[in-house]
Each structure stands twice: as C-alpha cells, then as structure tokens.
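So the structure is just underneath, and the comments pick up after that.
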Amino acid sequence: MSGPRRILVTGAAGRLGRAALTLFADRLIPTTGLDLHDPGDTRAGRMVTGSAGDPTVVRDALAGVDAVFHCAAIPAPTLGTPHEVFTTNTRATFTVLEEAAQAGVMRAVIAGSLSVTGLPWSPHPRTPAYLPIDEDMPLQVADPYALSKQTDEAAGAMMARRHGMSVVALRLPLLGGPGDQFDTYARYYAEHPEWGAKELWAYLDTRDAARAGLLALTAPVTGFHAVFVAAPDTLSATDTEALLDEHLPGVPRRMRWTGRSVAIDTGRATRLLGFTPEHLFPLSLPGQAPPPPIRK
Numbered sequence: 001m002s003g004p005r006r007i008l009v010t011g012a013a014g015r016l017g018r019a020a021l022t023l024f025a026d027r028l029i030p031t032t033g034l035d036l037h038d039p040g041d042t043r044a045g046r047m048v049t050g051s052a053g054d055p056t057v058v059r060d061a062l063a064g065v066d067a068v069f070h071c072a073a074i075p076a077p078t079l080g081t082p083h084e085v086f087t088t089n090t091r092a093t094f095t096v097l098e099e100a101a102q103a104g105v106m107r108a109v110i111a112g113s114l115s116v117t118g119l120p121w122s123p124h125p126r127t128p129a130y131l132p133i134d135e136d137m138p139l140q141v142a143d144p145y146a147l148s149k150q151t152d153e154a155a156g157a158m159m160a161r162r163h164g165m166s167v168v169a170l171r172l173p174l175l176g177g178p179g180d181q182f183d184t185y186a187r188y189y190a191e192h193p194e195w196g197a198k199e200l201w202a203y204l205d206t207r208d209a210a211r212a213g214l215l216a217l218t219a220p221v222t223g224f225h226a227v228f229v230a231a232p233d234t235l236s237a238t239d240t241e242a243l244l245d246e247h248l249p250g251v252p253r254r255m256r257w258t259g260r261s262v263a264i265d266t267g268r269a270t271r272l273l274g275f276t277p278e279h280l281f282p283l284s285l286p287g288q289a290p291p292p293p294i295r296k
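Going by UniProt numbering, the residue at position 189 of the sequence shown is 189; the numbering climbs one at a time, nothing skipped.
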C-alpha cells in the first residue's frame, strides 16, 4: 500500500504529536499540525492553531490531507473536571473523524490508551479479568478519562461502518524515553512497586508509538481495530512473575513470564501492523549505584 501524501497530526505540540511530526519529516512525508497554540518549534510543514473540536478549524487543517493521526486530548482525568475531560476528548475525536470522512480521508489513527481498561484511574481498586491483558478483556470503566477513550473507540468503529474509513486505535501505555518520564517511573516502581500494578509496569518509547501510528496508516487494514502496543519488558527491575505474585495474586494467568516480560498481549499489533518496538529502556544493571531518591 502506498504511503500517505500528507498527514494531519492533531495535538502537534504534545509528546506524541511532536514525535510523529519528527518521524514523518524524517520519512519525507508532508504534514500539517493542529494544536491549540503554535509552539513554533515542531517539524510540521504547515501549522494550524485552534481546537480539534471545532469543525471549522479542522476543515482548514484537512486541506490536502489524506491521512490523520489524532493525538489531541486531555491526557488524564486529573487535568480538568470530569465534564471537561470527557466532552473535550470525545468532541475532538468525533469532529476530526467526521470532518476527515467528509473530506474524503479514509485512513485515521487514534492515540488511545491502556486506560480504556478502566484500571489505571478507577476511584476504587480494580484488577484485570485475566493476564496477560488483551483487546478482548472486558473493560471496567469507572472514570471520565477511561470513558472518553472507550467512546473514542466506539466513534472509530462507527466511522468505519458509516463511511468505510479504516481506523486504528492504539492502546498506549506510559509514553516517554530516557530523561523523559521513564527514569522517574522506574525509581517510583523500585521504591513502591505496587504503584505500577494498575498499569502493569508497562511503557513504550514515544518514537515507537509514532512509528506504530505510521504503520497503522499504511498497513493493509480495513474497518476498525483497537490494538495494544507496549515495550516487551517493564519499567520494573523485578521479574514479572514476582510482581504478579505480590501485587496481583488473585488474577488468573494464561501464561508464565520470563524475566521482566510485560503482562500485555501485543500480538494483534504485530500481526495486523507488523509492529515491533525498537527502543527499550535501559534499567540500571546489578552493581551500579541506584538513582537518587525522588522527592515527593
């Protein structure tokens, strides 16, 4: 399948949006960026400022575009009121996909989240139905952010049926890289491993997330698909079996884990998109001095 002529990246100033624009520029793919404010330092060929939830702004941003990587969102339920988080995220996703379809754009990727499971932000402790988690596991949504991600996926599935659009929702774990979140979370998990249980100590380098997005825009897929993507290991130096024994002891397991293997089944992303992570986070090796403690 030939590549896109121009990709619209929403949330262009965010962590994933910037990584996507960099990747696409390196691959010589023309881009348009859309964000509430122009940061002035992205690699977008064209930058449009405004809300991804505003149809007029989105129509302008879609000029000449034939694929969309939708990253714009409030990325956590703590960054707004429940009403703001849910309505902002779902309005933006519906608007971007519907306007794209009306403009004849038939390929889109949604930056979704592992949070769609309902586990990371639930106001009451919840555990997965089984391990490793996969796309067929029942959702346990109990917070507005998870609900927005579930609604985004439903919108993507509807667009596939309504317009014949190919839509892939990437269920992303913690994103970052060395010096950007991972060092901090690895220290957190070393001191308080229980904090990582709700996210299964999972991560994905932002560069790999951007590459997964490009694969999802070019792979020969039709219809709607939600896929988990994650690094094959965790941000914890403790073996996964020991972590699960201690922090998720009652959850049924469908396999055994070797070393720090992540408790997420990412096979669908491999089969559907041909995606394999390339950037793994280097935890401190035995015998090295541990990182300094974090001030909380």
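Just so it is clear, CB atoms sit at the ideal spot from N, CA and C, and this is done for glycine as well.
message: Just to confirm, is the Cβ distance from Ala129 to Pro249 under 9 Å?
response: For the purposes of this step, residue 129 is taken as the residue at position 129 of the sequence shown. For the purposes of this step, residue 249 is taken as the residue at position 249 of the sequence shown. Their beta carbons are not under 9 Å apart, which means Ala129 does not touch Pro249 by this criterion.
- request: Mark Met255 as exposed unless 16 or more other C-beta atoms lie within 10 angstroms of its C-beta, in which case mark it buried.
  value: Residue mapping note: residue 255 aligns to position 255 of the sequence shown, counting from 1. Looking at its Cβ environment, which holds fewer than 16 other Cβ atoms inside 10 Å, Met255 is exposed.
field: Ser261, DSSP secondary structure in three states
entry: The residue given as residue 261 occupies position 261 in the sequence shown. Secondary structure at Ser261: strand, using DSSP grouped into helix, strand and coil.
- prompt: Assuming Gly53 contacts Thr88 under a Cβ cut-off of 8 Å, what Cβ separation, rounded to an integer in Å, is found between them?
  reply: Taking the first residue of the sequence shown as position 1, residue 53 is located at position 53. Taking the first residue of the sequence shown as position 1, residue 88 is located at position 88. Here Gly53 really is in contact with Thr88; their C-beta atoms are around 7 Å apart, less than 8 Å.
query: Nearest CA to the CA of Gly196: which residue from Phe182, Thr206, Ala209 and Arg207?
result: Start at 1 with the first residue of the sequence shown, and residue 196 comes out as number 196. When C-alpha distances from Gly196 are compared across Phe182, Thr206, Ala209 and Arg207, the shortest belongs to Phe182.
- prompt: What is the rounded straight-line gap between the Cα of Ile110 and the Cα of Val167?
  reply: Mapped onto the sequence shown, residue 110 falls at position 110. Mapped onto the sequence shown, residue 167 falls at position 167. If I take the Cα positions, the gap works out to 7 Å.
message: Along the chain, where does the alpha helix (DSSP H) containing Arg256 start, and where does it finish?
response: As a position in the sequence shown, residue 256 is number 256, starting the count at 1. Counting along the chain, Arg256 sits inside no alpha helix (DSSP H), nor does DSSP assign it H or E at all.
task: Would you grab the beta carbon distance between Pro30 and Arg6 for me? Rounded to a whole angstrom, and I think it's under 8 Å.
output: Position 30 of the sequence shown holds residue 30. Position 6 of the sequence shown holds residue 6. Yes, they are in contact, since the Cβ atoms of Pro30 and Arg6 sit about 4 Å apart, within 8 Å.
task: Could you tell me which residues DSSP pairs with Gly33 in its beta bridges?
output: Indexing the sequence shown from 1 puts residue 33 at position 33. DSSP lists Val9 and Met47 as partners of Gly33.
task: Please classify Thr276: does DSSP put it in a helix, a strand, or coil?
output: Sequence index remark: in the sequence shown, residue 276 carries index 276 (1-based). Three-state result, Thr276: coil.
- prompt: Using 8 Å as the Cβ pair cut-off and three pairs as the minimum, do the stretch 198-213 and the stretch 174-181 touch?
  reply: Yes, the stretch 198-213 touches the stretch 174-181.
- prompt: Between the beta-carbon of Ala273 and the beta-carbon of Val227, is there less than 9 Å?
  reply: As a working mapping, residue 273 is identified with position 273 in the sequence shown. As a working mapping, residue 227 is identified with position 227 in the sequence shown. First, the amino acid is wrong: residue 273 is Leu here, not Ala. The Cβ atoms of Leu273 and Val227 lie closer than 9 Å to each other.
Beta-ladder partner(s) of Val167, from DSSP: Stepping through the sequence shown from its first residue, residue 167 is reached at position 167. Under DSSP, Val167 takes part in a beta bridge, and its partners are Ala108 and Phe224.
- prompt: What are the boundary residues of the alpha helix (DSSP H) that includes Asp54?
  reply: As a working note, residue 54 is residue 54 in the sequence shown. No alpha helix (DSSP H) contains Asp54, which DSSP labels as neither H nor E.
message: Can you tell me whether His225 is buried or exposed? The criterion is at least 16 other CB atoms within 10 Å of its CB, across all chains shown.
response: On the sequence shown, position 225 is the one that residue 225 refers to. The residue is buried, with at least 16 neighbouring Cβ atoms inside 10 Å.
query: From Met165, Lys149 and Gly259, pick the residue whose C-alpha is nearest to that of Cys71; which is it?
result: For this step, residue 71 is matched to residue 71 along the sequence shown. Comparing alpha-carbon positions, the option among Met165, Lys149 and Gly259 lying closest to Cys71 turns out to be Lys149.
query: So, are the CB atoms of Thr151 and Thr95 less than 9 Å apart?
result: Position 151 of the sequence shown holds residue 151. Position 95 of the sequence shown holds residue 95. Going by C-beta atoms, Thr151 is not nearer than 9 Å to Thr95.
query: What are the boundary residues of the beta strand (DSSP E) that includes Val96?
result: Here residue 96 corresponds to residue number 96 of the sequence shown, with the count starting at 1. Per DSSP, Val96 belongs to no beta strand (DSSP E); it is in the alpha helix (DSSP H), Pro82 to Gln102.
- request: Would you grab the beta carbon distance between Leu62 and Thr42 for me? Rounded to a whole angstrom, and I think it's under 8 Å.
  value: As a first step, residue 62 is located in the sequence shown; it is residue number 62 there, counting from the start. As a first step, residue 42 is located in the sequence shown; it is residue number 42 there, counting from the start. With a Cβ gap of about 18 Å, Leu62 and Thr42 do not count as contacting.
Inter-residue spacing [alpha-carbon to alpha-carbon] between Asp26 and Thr276: One-based indexing of the sequence shown puts residue 26 at position 26. One-based indexing of the sequence shown puts residue 276 at position 276. Their backbone Cα atoms lie some 19 Å apart in a straight line.
task: Leaving out five residues on either side along the sequence, give the residues of the same chain with a beta carbon under 7 Å from the beta carbon of Gly64.
output: The residue given as residue 64 occupies position 64 in the sequence shown. So the list reads Arg6, once near-sequence residues are dropped.
field: Same chain, Cβ closer than 7 Å to Asp135, five either side skipped, listed in chain order
entry: Translated into the one-based positions of the sequence shown, residue 135 becomes position 135. A quick correction: the sequence has Glu, not Asp, at residue 135. Same-chain partners within the cutoff: Ala226, Val227, Phe228 and Arg268.
Ala242 to Leu28 span [Cα, whole Å]: Here residue 242 refers to the residue found at position 242 when the sequence shown is read from its first residue. Here residue 28 refers to the residue found at position 28 when the sequence shown is read from its first residue. A direct Cα-Cα distance of roughly 45 Å separates Ala242 from Leu28.
field: 6 Å CB neighbourhood of Ala216 in its chain, flanking five on each side removed
entry: For the purposes of this step, residue 216 is taken as the residue at position 216 of the sequence shown. Cβ neighbours of Ala216 within its own chain (closer than 6 Å, five residues either side excluded): Val109, Val168 and Leu273.
query: Is Ala20 helix, strand or coil by DSSP?
result: The sequence position of residue 20 within the sequence shown is 20, counting from 1. Helix.
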